[in-house]
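Trainee: Next up is a structure, given as structure tokens.
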Amino acid sequence: MSILDKINQLKKERNAVILAHYYVRDEVQEIADYVGDSFYLSKIATQIQAETIVFCGVSFMGESAKILNPEKTVIMPDMEADCPMAHMADIDKINAAREKYEDLAVVCYINSTALLKTYSDVCVTSSNALKIVKALPNQHIYFIPDENLGRYVASKVPDKHFIFNDGYCHVHKSITAKNIQIVKDIHPKAEILVHPECTMDVIAMADYVGSTSGIIHYVTESRAKEFIVCTEMGVRYELQLKKPKKLFLDAGQCYCSGMKLVTLEKVAEALEQMKNVVELEEEVRIQARKPLKRMLELG
Ligand code: 13P
Ligand code: SF4
8 MSILDKINQL
18 KKERNAVILA
28 HYYVRDEVQE
38 IADYVGDSFY
48 LSKIATQIQA
58 ETIVFCGVSF
68 MGESAKILNP
78 EKTVIMPDME
88 ADCPMAHMAD
98 IDKINAAREK
108 YEDLAVVCYI
118 NSTALLKTYS
128 DVCVTSSNAL
138 KIVKALPNQH
148 IYFIPDENLG
158 RYVASKVPDK
168 HFIFNDGYCH
178 VHKSITAKNI
188 QIVKDIHPKA
198 EILVHPECTM
208 DVIAMADYVG
218 STSGIIHYVT
228 ESRAKEFIVC
238 TEMGVRYELQ
248 LKKPKKLFLD
258 AGQCYCSGMK
268 LVTLEKVAEA
278 LEQMKNVVEL
288 EEEVRIQARK
298 PLKRMLELG
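The number in our numbering is simply the position in the sequence shown, starting from 1, with 7 added.
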């Protein structure tokens, strides 16, 4: 039996659906029932009827699906698939900021551990951060863990005071303005599409800044034929499916090793053995649910 037949059979036996982020391997995106950005996947996770969710992504994604669906079994093809940035915030610093500013909102990028979410007022993703921060009544915003996304949002919301945290995504940080310029010099008509986890000098060069879904949508609407895509390379699979005649260029190897740990074999094995089940302490799950629910309401 082929691996695809095996996964399809196991999906039926386990009453499972497969969710995948745009950064996982092409063949994993191909077998998924739902593929999308972090916001779409967290919304979809609340609408699923099946008993089991196989989350093809990194740990914070599986955790968020479990937080929002405590009655469902959420399994990860590889428990080691993690996002380093999700751990890059300090609880003592959050508490200190809360003491300093009475009117503080701790805004937590969804790329964060469940524990960090429990210390936060609202979660955001790259596709809704601007909208949510603008909608908050608070004047002081402590943005965790991603400094770059925080700075990008702050640049668009000048009337609020931001406190930044020094977390970052090493994958997006590796994209440099210098390398983009080299590609742009060769392809002067190419539009520059940038994920807001990139640094501000890269963002400043962009024709479009947005989440992975935002980038895909932009390409489908744009009249341009060439694009320099400044985000993880996995997004190309969907871009090429949607616009096979357009040219997608990169400005260096942009590769998330955590996302690439997810393989078809691991999907089949996890489903077969019902292993790598996401478990959270009940207290953590209940507290982390609040900022995620608020995001779903505001976003
Ligand atoms: P999206 O919000 O576009 O899904 O991005 C998630 C992510 O991990 C980016 O590195
Ligand atoms: Fe985390 Fe960066 Fe990978 Fe996104 S691309 S999951 S932010 S390490």
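Beta carbons are placed, not taken as given, at the ideal position from N, Cα and C, and that holds for glycine.
1. Does any heavy atom of ligand 2 sit closer than 8 Å to the C-beta of residue 172?
2. Note down, in chain order, each residue of its chain lying with its Cβ closer than 7 Å to the Cβ of residue 122, except the 5 sequence neighbours on either side.
3. Please indicate yes or no: does the CB of residue 90 lie closer than 8 Å to some heavy atom of ligand 2?
4. How about residue 210 and residue 155: do their beta carbons lie closer than 9 Å?
5. Under 9 Å between the Cβ atoms of residue 28 and residue 48?
6. Which runs of the alpha helix (DSSP H) fall wholly inside the segment 19–65 and span at least 4 residues, in chain order?
7. Could you please give the first and the last residue of the uninterrupted alpha helix (DSSP H) stretch that includes residue 246?
8. Let me know the alpha helix (DSSP H) ranges lying completely inside the segment 190–259, each 4 residues or longer, listed in chain order.
9. On a CA-only basis, which of 140, 167, 204 and 20 is nearest residue 182? Give me that one, please.
10. At a cut-off of 8 Å, would you count residue 166 as near ligand 1, judging by its Cβ distance to the nearest heavy atom?
11. State buried or exposed for residue 179, treating a residue as buried only when at least 16 other CB atoms are found within 10 Å of its CB.
12. Is there contact between the segment 83–90 and the segment 130–138, where contact requires at least three CB pairs shorter than 8 Å?
Mentor: In short:
1. no
2. The beta carbon of residue 122 sits closer than 7 Å to the beta carbons of 291 from its chain, once the five residues preceding and following it are set aside; these are given in chain order.
3. yes
4. Their beta carbons are under 9 Å apart, which means residue 210 touches residue 155 by this criterion.
5. yes
6. 33–38 and 45–52
7. 242–249
8. 207–210, 219–228 and 242–249
9. 204
10. no
11. buried
12. Not touching, per the Cβ criterion.
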